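Q: For what it's worth, our numbering labels the leading residue of the sequence shown as 268, then goes sequentially. Just so it is clear, CB atoms sit at the ideal spot from N, CA and C, and this is done for glycine as well. This one's a predicted model, so the numbers in the text were calculated from it and none came from an experiment. So that we are looking at the same thing, I have put the structure below in structure tokens.
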Amino acid sequence: MSDPTALGLVHFWSQADLVMRLTAYILLAMSIASWFLILWKTWAWLRVRRASRELDKFWAAASVDAAIANLKPHDRENIFVHVAIGGAGASSHGAAEGTLASQTDRSELITRALRQRINEAASRLEAGLTMLASIGSTAPFVGLFGTVWGIYHALINIAASGQIAIDKVAGPVGEALIMTAFGLAVAIPAVLAYNAFTRVNRMVLGQLDGFAHDLHAYLTMGARVPAEH
């Protein structure tokens, strides 16, 4: 019988060929990229959440310029201040004469500026989600490929040795299944993070849309739209 202590990850890696090692390196790279995106998106979301809690300071200011200053205008992660700057800029400067934009009214210019800033914020919030989704959907198949390749070569080596016994088959096959486990270990956090960030982004964009609506009402009518009860 084979020695169980001789089997395991170390033995599997020592017996792995170039394809198996390359597959393992791909899974490792996918895992590093996935966790980098998870940590980066979590940090960015925490900053956006903190910025959303400071919106009361915006409406408590005496003017739009003072309100923008209260929202830390140089903070790149503060999507609310970028929307406010875009709307205030369109309200105060308007459009250059002789252009198509100059033929539209002030309210439409503000709406266009706010919509553009919201689209930019949505793109920033969704950055990295495509990669997370790709890793979550492909990592299990990469791991499965490694398992199939490992089992194939294990069976070839066993057949060449002429010792077809269950203890000779179970060890190499069990070692090859490690690649499937690695693929799942990479995919599960990516999928969970993608679902979580998608839900968070939907909530943030809803709050941003409401802020832009209130800001548009203030810039065009000089008053904030009262909340419905």
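Going by DSSP in three states, Ala479 sits in which element: helix, strand or coil?
A: Helix, per DSSP.
Q: Quick check on this structure: which residue in Asn345, Ala452, Ser319 and Val471 has the alpha carbon closest to the alpha carbon of Gly403?
A: Closest by alpha carbon: Ala452.
Q: Within a Cβ cutoff of 7 angstroms, which residues of the same chain sit near Phe412, ignoring the five residues on either side of it in sequence?
A: Excluding sequence neighbours, Phe412 sits near Thr290.
Q: Going by beta-carbon coordinates alone, are Trp416 and Val286 separated by less than 8 angstroms?
A: Cβ atoms of Trp416 and Val286: closer than 8 angstroms.
Q: The alpha helix (DSSP H) spanning Asn337 covers which residue range?
A: Residues Val331 to Asn337.
Q: Going along the chain, which residues of its own chain have a beta-carbon closer than 7 angstroms to the beta-carbon of Leu399, five neighbours each way excluded?
A: Cβ within range, chain order: Ser301, Leu304, Ala457, Ala460 and Tyr461.
Q: I need the boundaries of the alpha helix (DSSP H) containing Leu444, first residue and last residue.
A: Here Leu444 belongs to no alpha helix (DSSP H), and DSSP marks it neither H nor E.
Q: Helix, strand or coil for Ala452 per DSSP?
A: DSSP places Ala452 in helix when its eight states are reduced to three.
Q: Just the C-alpha distance for Ala426 and Ile418, rounded to the nearest angstrom, thanks.
A: Rounded to whole angstroms, Ala426 to Ile418 spans 12 angstroms at the Cα level.
Q: So, using beta-carbon positions, are Ile335 and Val350 closer together than 8 angstroms?
A: No, Cβ-Cβ distance for Ile335 and Val350 is not below 8 angstroms.
Q: Quick one, are the C-beta atoms of Gly354 and Ala333 less than 8 angstroms apart?
A: No, these two residues do not count as a Cβ contact at 8 angstroms.
Q: CA-CA distance, Met297 and Thr487?
A: Roughly 49 angstroms between the two C-alpha positions.
Q: Suppose you measure from the CA of Gly356 to the CA of Phe464; what does that come to, to the nearest Å?
A: Cα to Cα, Gly356 sits roughly 31 angstroms from Phe464.
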